[in-house]
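K.L.:
For any residue, its number in the working numbering is found by taking its place in the sequence shown, counting from 1, and adding 694. Cβ coordinates follow ideal geometry from the N, Cα and C atoms, glycine included.
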Amino acid sequence: MKNKSLLIFILLLSASLSSLYAQGFVVNYDESKVPEYTLPDPLIFNNGTKVRNKKQWEKRRSEILKIFENEVYGVAPEWDGEIISSELSSDINALNGGAVRKEIKITLKREDKEQDMIMLLYLPKSSGPVPLFLGYNFGGNHTVTSEPGIAVTNSWVRNNKEANILDNKAKESERGRDASSWQVKEIISRGYGLATIYYGDVDPDFDDGFKNGVHGLYGSDPDNTSWGSIAAWAWGLSRAMDYLEKIPAVDSKKVVVMGHSRLGKTALWAGATDKRFAAVISNNSGCGGAALSKRVFGETVGSINRSFPHWFCENFNKYNEREDLLPVDQHQLLALIAPRPVYVASAEEDQWADPKGEFLSCVAASPVYKLLTGKGFPAIQMPAVNSPVVSKIGYHIRTGVHDVTLYDWQQYLNFANLHLR
Ligand code: GCU
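#1: What number of angstroms, rounded off, separates the C-alpha of P823 from the C-alpha of D945?
#2: Would you list the residues sitting across from A793 in a DSSP beta bridge?
#3: DSSP beta-bridge partners for G953?
#4: Can you tell me where the alpha helix (DSSP H) with H1113 in it begins and where it stops?
#5: Nearest to L938 by alpha carbon, out of T743, I798, Q1105, D1097?
#6: Is it true that the CB of A1032 sits closer than 8 Å to the CB of L1054?
#7: Say yes only if the C-beta of I1119 is nearer than 7 Å to one or more non-hydrogen atoms of the ligand GCU, and no if none qualify.
#8: Using a Cβ-based criterion (distance less than 7 Å to any ligand heavy atom), does W1046 qualify as near the ligand GCU?
#9: Near K796, which residues of its chain fall below 7 Å by C-beta distance, leaving aside the five closest residues on each side in sequence?
#10: Could you give the residue range of the alpha helix (DSSP H) that holds S1040?
#11: Does N854 come out as helix, strand or coil in the three-state DSSP assignment?
#12: Quick one: give me the first and last residue of the alpha helix (DSSP H) that H1090 is part of.
#13: Could you tell me the alpha carbon to alpha carbon distance between G829 and I758, rounded to whole angstroms?
#14: Does any heavy atom of the ligand GCU sit closer than 7 Å to the C-beta of G1051?
#15: How many whole angstroms separate the CB atoms of S820 and G885, which I take to be in contact at a CB cut-off of 8 Å?
#16: Examine chain D for any beta-carbon lying closer than 8 Å to the beta-carbon of M1076, and answer yes or no.
#17: In the structure shown, what three-state DSSP assignment does A1058 receive?
#18: When you measure from the CB of S1001 to every non-hydrogen atom of the ligand GCU, does any distance come out below 7 Å?
#19: Among S932, N835, S1060, P898, which one has its Cα closest to the Cα of G922?
#20: Within the continuous alpha helix (DSSP H) that includes F762, where are the two ends?
#21: Taking 7 Å as the line, does the beta carbon of E993 fall inside it for any heavy atom of the ligand GCU?
#22: Shorter than 7 Å, the distance from the beta carbon of R1092 to the closest heavy atom of the ligand GCU, or not?
#23: Count the other CB atoms within 10 Å of the CB of G666; is the residue buried (16 or more) or exposed (fewer)?
#24: Residue range of the alpha helix (DSSP H) that Y937 falls in?
#25: Please list, in chain order, all residues of the same chain as R970 whose beta carbon is under 6 Å from its beta carbon, the five residues on each side excluded.
#26: By alpha-carbon positions, which one of V1062, K1064, K1086, C1056 ends up nearest to I1074?
#27: Are the Cβ atoms of V950 and A793 separated by less than 8 Å?
#28: Thinking C-beta only, is S979 closer than 8 Å to A925?
#29: So, is S662 buried or exposed, given that buried needs 16 or more other C-beta atoms within 10 angstroms?
#30: Helix, strand or coil: how does DSSP classify Y830 here?
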């Protein structure tokens, strides 16, 4: 009798556990539980025929781009407004005399509406136009270095108990908080510039039905394919590029778009949608970034959509707990960047972002790079930690947690030197 009730208890427990699994409430970190999956072939057209040459790839590329727009990130509008810029500050002896620093207000004006974003620009003291990294920061420009001349953002910021931000307002005390993630001295000493913008200037990171930030410049009622925040942030990077193209100090043919985590997803989508970015770097971008969704390992489509309903388009919800139905996977996002260089970086303790899924995306994007450049990605097995694999696709998994470190930046600078210099 006792055994029978124990058996019933175990059966009930396993039934409810598998239902929790199915609903995405239990996170899978077990490689043996990764389901069997087939990745869509980036080199097969929707009608089943094969892409045979570079010219045909452009057609296939548009097909893939459309699917990502309609099913994943949403469709961003064409920019038909005006960009007005004004210098807010300038210091020609920044970083103890090692660099020039500027803050530039970039106003996006469309009809009677305006949205401001403030770019923090660090440039090496060099005569010619310089290559540059462009990326969003999470906390406001004042968190990027501890230099006192940088204004504390007035935009809405996420609350952060550690930084004692409880009212969505940035604070002076956070100055330089994220300096280790930016490594500005290292970037400048290698001859690169850095342009960074607080991402909340472009779209505040909360769910308001796709209305605030740059969404407000257009203001139509959202539908299933309306642009989510990742698409809005990526679109903002293209507007930053519109500005960078106009300033002689920057070599706009050598702008590397870079981002971490949700902003790494954003950098990839920006690189996919805007060919003016010469190279793309995604740091620990995970689900909806470089990691394959169909592996259902770590963060899943269902869990990201439930936690962040404003990041993707409505249609992406169709794939909650149904990753098998996705008509694309994230290796095709990397393929959209080809033949331009793309770097994917993982961290060993960041299993939520599925390092192996990020690596396998590089492997599965390789045939497109091979077709376009004659050379694919030179690995099929995960490399050891701190041992980058580099071709036009770069990959590393470093020791440590979800973060951007000096080690990461050193690899990105080496990668940029290899391909852009
Ligand atoms: C959460 C989210 C991730 C995201 C990360 C970040 O962990 O689940 O998808 O990458 O936040 O942006 O910091």
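P.N.:
So, from the data block:
#1: Whole-angstrom Cα-Cα distance: 5 Å.
#2: In the DSSP secondary-structure assignment, A793 is bridged to A788, P818.
#3: Answer is S976.
#4: Its alpha helix (DSSP H) spans residues 1100-1114.
#5: Ranking the options by Cα distance to L938, first place goes to I798.
#6: In terms of Cβ geometry, L1054 and A1032 do not form a close pair [threshold 8 Å].
#7: Residue 1119 lies beyond the stretch modelled for the chain, which goes from 695 to 1115, so this question has no answer here.
#8: W1046 Cβ: within cutoff of the ligand GCU.
#9: The answer, listed in chain order, is E781, S783, S784, L815.
#10: DSSP places S1040 outside any alpha helix (DSSP H); the residue lies instead in the beta strand (DSSP E), whose first and last residues are 1036-1041.
#11: Three-state DSSP puts N854 in a strand.
#12: Per DSSP, H1090 belongs to no alpha helix (DSSP H); it is in the beta strand (DSSP E), 1087-1092.
#13: The alpha-carbon atoms of G829 and I758 are separated by roughly 25 Å.
#14: Taking the Cβ of G1051 as the reference point, every heavy atom of the ligand GCU lies at 7 Å or farther away.
#15: So it is a contact: roughly 7 Å between Cβ atoms.
#16: The displayed structure is made up of one protein chain only, and chain D is not part of it.
#17: The three-state secondary structure of A1058, taken from DSSP, is helix.
#18: Taking 7 Å as the cut-off, the C-beta of S1001 counts as close to a heavy atom of the ligand GCU.
#19: Answer by Cα proximity: P898.
#20: Counting along the chain, the alpha helix (DSSP H) containing F762 begins and ends at 748-762.
#21: Yes; taking the cut-off as 7 Å, the Cβ of E993 has a heavy atom of the ligand GCU nearer than that.
#22: For the ligand GCU, not one heavy atom lies less than 7 Å from the Cβ of R1092.
#23: In the structure displayed, the chain extends from 695 to 1115; residue 666 sits before or after that span and is not available.
#24: First-last of the alpha helix (DSSP H) with Y937: 923-938.
#25: Once the five neighbours on either side are set aside, the close Cβ partners of R970 are M935.
#26: It is C1056 whose Cα lies nearest to the Cα of I1074.
#27: Going by C-beta atoms, V950 is not nearer than 8 Å to A793.
#28: Not in contact: A925 and S979 (Cβ atoms no closer than 8 Å).
#29: Lying outside 695 to 1115, the shown extent of the chain, residue 662 is not represented and no answer is given.
#30: Residue state, collapsed to three classes: strand.
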